[in-house]
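Novice: Can you keep this structure in mind? I'll have questions shortly.
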């Protein structure tokens, strides 16, 4: 009898408990969280109806496109961070090699190379989604900051390797 009572109490509690939904994020909330981690010069604009936040973190420009949005506040379920680092003195092949080396590691980010009017850039992209019980917060912003730090270190390392190779070539002449 006690088992039936306990079982029925558990069933009642399960039916009365609210379902767990992810908390959506607005551009203003994202801006505030990024500011806690030192992001600066942040502006909100709209591209094709999607909120886009641009700013600077660790001395590097970035933008975040919010998508899968709803409601009058444009509360969103997905973020796509992108930051591109100028590598103008690198060839297209060298920039692609840097991106491929980054992508060969076990990371949540993707790197890609692009050619701009001034030369090559290597870009970092991080996609985050808030579905199920995942809620937006400091953890997501911290993940972006750490990935951006690692990316910038990779760019500095690639530049140092290229300079060392150029020095060796010049000394051999």
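Residue numbers (my numbering): 3 to 175.
For each residue, glycine too, the CB sits at the ideal point set by N, CA and C.
1) Do you know how far the Cα of residue 61 is from the Cα of residue 23?
2) For a quick check, are the C-beta atoms of residue 68 and residue 36 less than 8 Å apart?
3) May I ask you to report which of helix, strand or coil DSSP gives residue 169?
4) Relative to the alpha-carbon of residue 164, which residue among 100, 113, 86, 39 has its alpha-carbon at the smallest distance?
5) For residue 65, which of helix, strand or coil comes out of DSSP?
6) Could you please give me the residues that DSSP links to residue 118 through a beta bridge?
7) Using DSSP with H/G/I as helix, E/B as strand and the rest coil, what is residue 149?
8) Provide the residue span of the alpha helix (DSSP H) that contains residue 90, from first to last.
9) With 16 as the cutoff for other CB atoms within 10 Å, does residue 85 come out buried or exposed?
10) Going along the chain, which residues of its own chain have a beta-carbon closer than 6 Å to the beta-carbon of residue 147, five neighbours each way excluded?
11) Classify residue 57 as buried or exposed, calling it buried when 16 or more other Cβ atoms lie within 10 Å of its own Cβ.
12) Alpha carbon to alpha carbon, what distance is there between residue 76 and residue 122?
13) For residue 151, I'd like the list of residues in its chain whose CB is within less than 8 Å of its CB, leaving aside the five on either flank, ordered along the chain.
14) Among residues of its own chain, excluding the 5 on either side of residue 63, which ones have a beta-carbon nearer than 8 Å to its beta-carbon?
15) If you follow the alpha helix (DSSP H) that residue 32 is in, where does it begin and where does it stop?
Specialist: This is what the structure holds:
1) Only weak support is given to the placement of residue 23: the predicted model assigns it a pLDDT of 49, under 50, and the question is left unresolved by the model.
2) no
3) helix
4) 100
5) strand
6) 121
7) helix
8) Looking at the DSSP string, residue 90 is not in any alpha helix (DSSP H), and its letter there is neither H nor E.
9) buried
10) 39
11) buried
12) 35 Å
13) 60
14) 56, 57, 85, 86
15) 29-38
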